[in-house]
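Enquirer:
Protein chains: 4
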Amino acid sequence: MHTAHEVVELSGHIIDSWTLPRAWDTIMDRGGNFDVEEMHVGATKNDTSYARIKVTAPDENTLDTIISQLQQLGAVLLQANDVRTEIVEQDGVLPARFYSTTNLVTQVRINGQWIGVERIEMDVAIAIDREHNRAHCVPMHEVHTGDEIVVGHDGIRVIPYTRERDHEDFAFMQSDVSSEKVKVLAIHNIARQMKETRARGGKILFVLGPAVIHTGAGRYVAELIRTGYVQAIFGGNAIITHDIESALYGTSLGVQLQSGEQVEGGHRNHLRAINAIRNVGSVEKAIEVGLLKDGITYEAYIRNIPMVLAGSIRDDGPMPGVISDMQIAQGQMREVIQDGIEMALMISSMLHAIATGNLLPARVRTVVVDINPAVVTKLSDRGTFQAAGLVTDAELFLRELVEELSE
Amino acid sequence: MHTAHEVVELSGHIIDSWTLPRAWDTIMDRGGNFDVEEMHVGATKNDTSYARIKVTAPDENTLDTIISQLQQLGAVLLQANDVRTEIVEQDGVLPARFYSTTNLVTQVRINGQWIGVERIEMDVAIAIDREHNRAHCVPMHEVHTGDEIVVGHDGIRVIPYTRERDHEDFAFMQSDVSSEKVKVLAIHNIARQMKETRARGGKILFVLGPAVIHTGAGRYVAELIRTGYVQAIFGGNAIITHDIESALYGTSLGVQLQSGEQVEGGHRNHLRAINAIRNVGSVEKAIEVGLLKDGITYEAYIRNIPMVLAGSIRDDGPMPGVISDMQIAQGQMREVIQDGIEMALMISSMLHAIATGNLLPARVRTVVVDINPAVVTKLSDRGTFQAAGLVTDAELFLRELVEELSE
Amino acid sequence: MHTAHEVVELSGHIIDSWTLPRAWDTIMDRGGNFDVEEMHVGATKNDTSYARIKVTAPDENTLDTIISQLQQLGAVLLQANDVRTEIVEQDGVLPARFYSTTNLVTQVRINGQWIGVERIEMDVAIAIDREHNRAHCVPMHEVHTGDEIVVGHDGIRVIPYTRERDHEDFAFMQSDVSSEKVKVLAIHNIARQMKETRARGGKILFVLGPAVIHTGAGRYVAELIRTGYVQAIFGGNAIITHDIESALYGTSLGVQLQSGEQVEGGHRNHLRAINAIRNVGSVEKAIEVGLLKDGITYEAYIRNIPMVLAGSIRDDGPMPGVISDMQIAQGQMREVIQDGIEMALMISSMLHAIATGNLLPARVRTVVVDINPAVVTKLSDRGTFQAAGLVTDAELFLRELVEELSE
Amino acid sequence: MHTAHEVVELSGHIIDSWTLPRAWDTIMDRGGNFDVEEMHVGATKNDTSYARIKVTAPDENTLDTIISQLQQLGAVLLQANDVRTEIVEQDGVLPARFYSTTNLVTQVRINGQWIGVERIEMDVAIAIDREHNRAHCVPMHEVHTGDEIVVGHDGIRVIPYTRERDHEDFAFMQSDVSSEKVKVLAIHNIARQMKETRARGGKILFVLGPAVIHTGAGRYVAELIRTGYVQAIFGGNAIITHDIESALYGTSLGVQLQSGEQVEGGHRNHLRAINAIRNVGSVEKAIEVGLLKDGITYEAYIRNIPMVLAGSIRDDGPMPGVISDMQIAQGQMREVIQDGIEMALMISSMLHAIATGNLLPARVRTVVVDINPAVVTKLSDRGTFQAAGLVTDAELFLRELVEELSE
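Chains as they are written, first to last, in my numbering: chain A, 28 to 434; chain B, 28 to 434; chain C, 28 to 434; chain D, 28 to 434.
1) Please report the distance separating the alpha-carbon of residue 272(C) from that of residue 353(D).
2) Are residue 421(C) and residue 244(C) touching if we call contact CB-CB under 7 Å?
3) Could you have a look at residue 324(C) and say whether DSSP puts it in helix, strand or coil?
4) Is residue 209(A) close to chain D, meaning its C-beta is less than 7 Å from at least one C-beta of that chain?
5) Is the Cβ-Cβ distance between residue 411(A) and residue 234(A) less than 7 Å?
6) Please name the residue or residues paired with residue 32(B) in a DSSP beta bridge.
7) Name, please, each residue of chain D whose Cβ falls closer than 8 Å to the Cβ of residue 6(B).
8) Who are the near neighbours of residue 81(B) in its chain, counting only those whose CB is closer than 7 Å to its CB and skipping five residues on each side?
9) Under 9 Å Cβ-Cβ, which residues of chain C neighbour residue 426(B)?
10) Within 10 angstroms of the Cβ of residue 108(C), are there 16 or more other Cβ atoms? Answer buried if so, exposed if not.
11) Suppose you measure from the CA of residue 296(C) to the CA of residue 305(C); what does that come to, to the nearest Å?
12) Please list, in chain order, all residues of the same chain as residue 398(C) whose beta carbon is under 6 Å from its beta carbon, the five residues on each side excluded.
13) Determine the extent of the alpha helix (DSSP H) in which residue 417(A) is found, giving its start and end residues.
14) Tell me, please, whether the CB atom of residue 349(A) is closer than 7 Å to any CB atom in chain C?
15) Closer than 8 Å by C-beta to residue 89(D): which residues in its own chain qualify, once you throw out the five before and the five after it? Chain order, please.
16) Tell me, which residues are paired with residue 363(A) by DSSP?
17) Going by C-alpha to C-alpha distance, which of 77(D), 169(D) and 181(D) sits closest to residue 96(D)?
18) Do residue 176(A) and residue 131(A) count as a contact pair if the criterion is CB distance below 7 Å?
19) Can you round the beta-carbon distance between residue 346(D) and residue 264(D) to whole angstroms, since I take them to be within the 8 Å contact cut?
20) Using a Cβ-Cβ cut-off of less than 9 Å, give me the residues of the stretch 162-187 of chain D that come near chain C, in sequence order.
21) Where DSSP assigns a beta bridge to residue 175(D), which residues make up the other side?
22) Please classify residue 357(A) as buried or exposed, where buried requires at least 16 neighbouring CB atoms within 10 angstroms.
23) Going by DSSP, which residues form a beta bridge with residue 76(A)?
24) Indicate the three-state DSSP secondary structure (helix, strand or coil) for residue 153(D) in the structure shown.
25) Could you please give the first and the last residue of the uninterrupted beta strand (DSSP E) stretch that includes residue 51(A)?
26) Spell out whether any CB of chain D is found under 7 Å from the CB atom of residue 236(A).
27) Residues of chain B with a CB under 9 Å from the CB of residue 420(C): which are they?
28) With DSSP run on the structure shown, which of helix, strand or coil describes residue 197(D)?
29) Using a cut-off of 7 Å between C-beta atoms, extract the partners of residue 403(A) located in chain C.
30) Pull the bridge partners of residue 145(A) from the DSSP assignment, please.
31) I'd like the span of the beta strand (DSSP E) that includes residue 134(C), first residue to last.
32) Is the separation between the beta-carbon of residue 214(D) and that of residue 98(D) shorter than 7 Å?
33) Please work out which residues of its chain come closer than 6 Å, Cβ to Cβ, to residue 393(A), disregarding the five sequence neighbours upstream and downstream, and give them in chain order.
34) Give me the Cβ distance between residue 100(B) and residue 162(B), rounded to the nearest whole Å; I'm assuming they're in contact under 8 Å.
35) Sorted by chain position, which residues of the same chain lie with C-beta nearer than 7 Å to residue 172(D)'s C-beta, five sequence neighbours on each side aside?
36) Flag this pair as yes or no: are the beta carbons of residue 16(A) and residue 395(A) separated by less than 7 Å?
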């Protein structure tokens, strides 16, 4: 017996974009059922379709789960009520039935009016500011007693992500993750998108792993900074440490970058590099006194390009400037992302790429470059579905990208 | 012209254990040269050998590098001076020529007497406590103005790691990393070593990644805790969150552990689990009020088994008890390790396994279990050379281990 | 201008099974367009739907491509003509417009009557035997002058593969390839299906790679043979050679299977094993004279279980019984598959698993077990979409499987 | 009690090159023991050393094993007898105690005189031609009744492989397999070696997998053929089929190489390509009639560059020119290799790379390029230890290589 029910509407390219079958799958997989109360199918590829569906479920909890998932497909409750909210009673604790966000564009209905949720990111709550008639995302640990938080599924509208058929530039990369593709084409495509992003004033974020330095590709990133294609950098202790190590001693992880030779014992150089910067006090000071004269960090600092360096439990040192507290680091990453990032390139990084993916709105063009297909897959699995993966060599990728952008 | 020189002695099974050729390699690779001033070769496998070698190098810096590496092979300077030290002049900054440790047993000479370095771990400094005639390891960020730190290479003795030929139980795993081995034998061997370790009062550390929970293997770890084979647990936000999620809702990452079915939308359960524990305030409180009644976390807490949970930049929540600050987390891990850990099993974890490897003395028997050979390789590459790798399925490994230990 | 057109019908669970949106995607991706001439949507999950669609394309070639792909989704041309055929004019050469099969159940219309295509497998041609009113698959190199081969897309009906929603036992494995799943459940499920397959007289095929022997898991396969769960074995020179090596000398690839110890130089044992069997002449003879007394090969031969061993370019020897000619080997594999195989387990094999996948009808339950996720993915990518992948350790998988089947 | 014994001599850089400790390891690992009867150690890195060692073992069989392994390290029996031989009594069957070769330079003593073994490759036997005083390698299946085959270990000398310390160009790649290296340097190094090889008239072999075509990198290989850097090509059905598919239809595995777009249904193009060539009869004929006008196959055929294409069990077709019988294919590969190959590049191929590795003398400079580190490791594990691995993207590797060679 299905006692709980709701009626939802879906409209747009709901068959073409596979929205309708996914909706039906969702309902049945969760143990619900449905009746199509009304349906118009667009007869050609340019026509939109419409469906009004009555969803039934054995109980209210199941119905809740179903409706919340249908919302992510763009379903809107027929009887559009305002969002329901509850008040936070304890710092850092959400109401039990809090609405958990996706990274998609989301609207909430306040006083009969749909308003956009600001600072959208996945897996956080939505706080309502009634005074200014606004709504914004807030992570669990940042809510305070008295905050008004969205609960349940009334009055929420999610705008699903649709890839345009004809002019989707990333399409050829997104179909699947494979190293057996023509990558030069993909690189040229990425270069073009970077130019377009910059032309319209959008910012580009680079998330970098230390292999960028180990492979000698730091020089290409430095060049991208100089030519204006990098507006923010995220990474960890390793990327800055090896970048500065290579600037100070010419090595990275004990490898002479000029000759490619293994310098055994050179692994101590990264500790020496950290100690040398700690000795002068900071990266800024190291630049000021002429100790640090090139590299990614140098190029970024002299241009006031924000580098958010989040530490990790495996760090030595750490290098001054690396943030030890994870919640502070996440907070700084959020600020940078919300300040105009429109494109993100994640190169040879797993931990920081996933962390950044968690914070990125789905609208940010995201490219993940790694020689290991598992990294690319992992990011998608964790919800950063908009990420286009390129399974290739980071060094040769960056070399080709710089060449293409310089033309 | 080689103007700098030192004379070193090597003794023991230096040919059998490949120490001598490695020493000569080291000298020549670094640009030095050598004369064998005296050499006795053991004629049979039970005899030890001895070599006195004059090392020459083009300059003092090169000689320094060579000698410091020879020390890691067990070389001792002929003219054994006391260790040289310098005083820390600024909190968190080491003297430029500080001696960087290995994870091997190390001695320093103070007032003509060799004393052991306490709390040994790799890539840190050695502080001297003259008052009590002691020496101990100290990470860079924990040194304080006035601390006396070992510099250079005088008066330092490293006891090299030698695998016993006949009775080395891990030998068959260490030869190389491969999934094409007889793993049941290896598992039985590990079980036997765990029994021996416990029989002599040694403690066993488990480092766990969340896949242990996702694969339903949490039950086996809980059983190992109950039967006394787990004395400490290291992990991150994910392992505790999914463990508690499975205890509260029966799912892990949206998978029903009983049925193996994907519960789409169940990915929210981990947020619900965190929020539920935050709501009561702590894991202890959750157990007290009867909210948390089983699982790894439950079994560990009720037995006062330390769980050090180090956060990371990709975390949601976090769960109460997870440490956000990396330096505090490293500090707690150090305390636990130094408190009697003699064996470490690292299962399906990369970040926390590497972090733990950084802190473990080489004498701790270390087993790394992962289905991905790259994880095993990475740990060795970063200096945890004592780690025996087992490329296999964590779930089936734990199932077999529990069965074997129960016999 | 779209001048070419056809009208097709689709019916059944075409929305629920995502058939309709895939059909529309197909049409538009290929540059065609469509009009929905008639459509009935099932209102509940138990109702079927119907659509009649007019497909238009800019030219006949494009229309051909579109229609042939729609057929794989179950579309049937409204004006059902008989199949069109052309006569082979040269041995081993097909008519240029030959119809290339899928591994799905397929029917052709001859004299107004739909008849099933026998011996279905992917990427081959269909030959018509007018005399007996039959149709069967034929590989390119086996066609002969005078054969009548299906061309174009008239009169062809493909029954699409639909997973049943409620009782699909493999569903939990098929959603994606991951090592982070509860594998014990999957293994029990596979065991149950093997029992059911045997209960109804179906045959089970094992495709085995040499790692099965190297890991000491040969004993489990031998046990499965003895207990009646293996009706055919496919593999290469390596599996039989190492199996016989382990039977004769107790080693596999130089590893003592009893102790797990590396026996350097033992790598010669596989050559000795081959030479020993060559010396007596054949495996049968080796059994007869008492040289070969256990192992997979022994158990299979004494029970007349067919082993098709296809050589490869990297083989030593080869072992007597291994087929050097690839076309002969493929032919024997086809015979065995068509003789009642209803389930296939492919374990630690890539080359032979892909080769077998090419020949299997989609209706054969297929399980691929490998510790490397890439192997599982590769098989699906090449068209064996029905394969359920289990990323786990072959040795522990087989151990658990034997234990479960013995209960 | 050790009753069996032999005395062997080792000389040269036996400590520096780790030969001596490996010899001692070998003896003890096999259960033997030794006495150093005489030893001179070179005092500096330029001096050679000498050791005369009495090896004892519990029985003759063990001694045999030990001596045969010591020979691979360059040990020579003190009492140098002539090689011992036995006569083949049955086609394709070796004497039970046949000597199994390595891929190292090997000499045998006939009538008191050391002569080189011709056509050296690993895992085969040595046949003696007394009439002409020559010795050559022969695979098991090619021996004939009456052939005289080397048995035991008398009168055999293996010249061990020593890497030169100072001028070893591949050294930086060989230390370990990692994607975290500076690859541009390695590529330039390979380019330089190719130039040197060609300058002295040496031939370069390319072993190619189909990913070379799928990634659009076929054009770079074609360019290398045109500029004289390719003297032989090994591959399988896939590389030639996709190369010709791309020449005829512009696609590879259903991907438009110009645009990078997936052409669903384009997977049939490889069958069409095979059928088209079968239709005209052969590749030569296809070129003659103007059907095939570019691509790797075209460029190779018009220059009479040998392409040995060995089929495999997973092949469709096959394409004319692909060899179905593995022993015939191996035979042809042997002929090509022995005809002056001095360098081998293996790109994105596993099966054919391993097969080629089996046949290559250790003196052939071998470079393995693959994005998957496991391929590189596997080749070394199987005895092709001289292979230098480069874990990188084949497409970008070839692009950079062509650019560097054109300068």
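Beta carbons: idealized from backbone N, C-alpha and C, even for Gly. It should be emphasised that the depicted structure is a prediction, and the values quoted were computed from it without experimental measurement.
Expert: The short version:
1) On the third sequence, position 245 is the one that residue 272(C) refers to. On the fourth sequence, position 326 is the one that residue 353(D) refers to. For residue 272(C) and residue 353(D), the distance between alpha carbons rounds to 22 Å.
2) Here the question's residue 421(C) lines up with position 394 in the third sequence. Here the question's residue 244(C) lines up with position 217 in the third sequence. Contact annotation: residue 421(C) and residue 244(C) have beta-carbon atoms nearer than 7 Å.
3) The residue you call residue 324(C) lines up with position 297 of the third sequence. Three-state DSSP puts residue 324(C) in a helix.
4) As a first step, residue 209(A) must be located in the first sequence, where it is residue number 182. With respect to chain D, the C-beta atom of residue 209(A) has a partner C-beta closer than 7 Å.
5) Start at 1 with the first residue of the first sequence, and residue 411(A) comes out as number 384. Start at 1 with the first residue of the first sequence, and residue 234(A) comes out as number 207. In this structure, residue 411(A) sits away from residue 234(A), with a CB-CB distance that is not shorter than 7 Å.
6) For this step, residue 32(B) is matched to residue 5 along the second sequence. Residue 32(B) pairs with 83(B).
7) Outside the modelled stretch of chain B, which goes from 28 to 434, sits residue 6(B), for which no answer is possible.
8) As a position in the second sequence, residue 81(B) is number 54, starting the count at 1. Shown here for residue 81(B): same chain residues with a beta carbon closer than 7 Å to its own, the five before and five after excluded, namely 32, 34, 61, 62 and 64 in chain order.
9) Within the second sequence, numbered from 1, the residue matching residue 426(B) stands at position 399. Neighbours of residue 426(B) on chain C, chain order: 211, 423 and 427.
10) By 1-based counting over the third sequence, the position of residue 108(C) is 81. By the 10 Å Cβ count, residue 108(C) comes out exposed.
11) In the third sequence, the residue the question calls residue 296(C) occupies position 269. In the third sequence, the residue the question calls residue 305(C) occupies position 278. One C-alpha to the other measures close to 14 Å.
12) Stepping through the third sequence from its first residue, residue 398(C) is reached at position 371. If the five residues before and after residue 398(C) are omitted, its C-beta is found closer than 6 Å to the C-beta atoms of 420, all from its own chain and listed in chain order.
13) The count along the first sequence starts at 1 and reaches residue 417(A) at position 390. The continuous stretches of alpha helix (DSSP H) do not include residue 417(A), which lies in the beta strand (DSSP E) extending over residues 414-418.
14) Counting from one through the first sequence, the residue named residue 349(A) turns up at place 322. The beta carbon of residue 349(A) sits no closer than 7 Å to any beta carbon of chain C.
15) The residue given as residue 89(D) occupies position 62 in the fourth sequence. Same-chain partners within the cutoff: 31, 57, 58 and 59.
16) On the first sequence, residue 363(A) is found 336 positions in, with the first residue counted as 1. In DSSP, residue 363(A) forms no bridge with anything.
17) The residue given as residue 96(D) occupies position 69 in the fourth sequence. Residue 96(D) has its Cα closest to that of 181(D), out of 77(D), 169(D) and 181(D).
18) As a position in the first sequence, residue 131(A) is number 104, starting the count at 1. As a position in the first sequence, residue 176(A) is number 149, starting the count at 1. Not a contact, by the Cβ cut-off of 7 Å.
19) Along the fourth sequence, read from residue 1 onward, the residue named residue 346(D) stands at position 319. Along the fourth sequence, read from residue 1 onward, the residue named residue 264(D) stands at position 237. Right, their Cβ atoms sit about 6 Å apart.
20) The residues in question are 166, 167 and 168.
21) Taking the fourth sequence and counting its residues from 1, the one referred to as residue 175(D) is at position 148. DSSP, once it has assigned bridges, lists 114(D) as partnering residue 175(D).
22) Within the first sequence, residue 357(A) is the residue found at index 330, counting from 1. Counting Cβ neighbours within 10 Å, residue 357(A) comes out buried, since at least 16 surround it.
23) In the first sequence, residue 76(A) corresponds to position 49, counting from 1. Note: residue 76(A) sits in a beta bridge opposite 39(A).
24) Position 126 of the fourth sequence, counting from 1, holds the residue named residue 153(D). Strand at residue 153(D).
25) By one-based count along the first sequence, residue 51(A) stands at place 24. Residue 51(A) -> not in any beta strand (DSSP E); alpha helix (DSSP H) instead, spanning 46-56.
26) Working through the first sequence from its first residue, we reach residue 236(A) at position 209. Taking 7 Å as the threshold, the shortest C-beta distance from residue 236(A) to chain D does not fall below it.
27) As a first step, residue 420(C) is located in the third sequence; it is residue number 393 there, counting from the start. Simply 206, 210, 398, 418, 419, 420, 423 and 424.
28) Working through the fourth sequence from its first residue, we reach residue 197(D) at position 170. Confidence in residue 197(D) is poor, its pLDDT being 44 and thus under 50, which makes the residue's placement too unreliable to answer from.
29) Taking the first sequence and counting its residues from 1, one reaches residue 403(A) at position 376. From the beta-carbon of residue 403(A), no residue of chain C is found nearer than 7 Å; the closest lies around 13 Å away.
30) In the first sequence, residue 145(A) corresponds to position 118, counting from 1. In the DSSP output, where bridge partners are listed per residue, residue 145(A) has 163(A).
31) Residue 134(C) sits at position 107 when you count from the first residue of the third sequence. Run containing residue 134(C): 133-137, per the beta strand (DSSP E) assignment.
32) Counting from one through the fourth sequence, the residue named residue 214(D) turns up at place 187. Counting from one through the fourth sequence, the residue named residue 98(D) turns up at place 71. Going by beta carbons, residue 214(D) and residue 98(D) fall outside the 7 Å limit.
33) In the first sequence, counting from the first residue as 1, residue 393(A) sits at position 366. Sequence-distant Cβ neighbours of residue 393(A) in its own chain, meaning closer than 6 Å and more than five residues away, are 371, 413 and 414.
34) The residue given as residue 100(B) occupies position 73 in the second sequence. The residue given as residue 162(B) occupies position 135 in the second sequence. Contact doesn't hold; Cβ gap of about 21 Å is too wide.
35) The residue you call residue 172(D) lines up with position 145 of the fourth sequence. Closer than 7 Å at Cβ, skipping near neighbours: 115, 116, 117 and 118.
36) Any property of residue 16(A) remains undetermined from this structure, which presents chain A solely from 28 to 434.
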